[in-house]
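What follows is a single structure, written as structure tokens, with notes after it.
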């Protein structure tokens with residue numbers, strides 16, 4: 673159970689990094 677929790681944390685941080693990389697170009701495009 674703790675192993676999946678670690679995966680969730682790693683997946684969560686990866687998603688946050690991807691979202692951050694994606695959101696910046698989107699903001700530039702919207703402007």
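In this note's numbering, the protein residues as written are 673 to 703. Glycine residues also receive a C-beta, built at the ideal position from the N, C-alpha and C atoms.
Near residue i, what residues of its chain come up, given a Cβ to Cβ distance below 7 Å and the 5 sequence neighbours on each side ignored?
i: residue 676; result: none
So, at 6 Å on beta carbons, what are the nonlocal neighbours of residue i in its own chain, with the 5 sequence-adjacent residues on each side left out?
i: residue 685; result: none
i: residue 689; result: none
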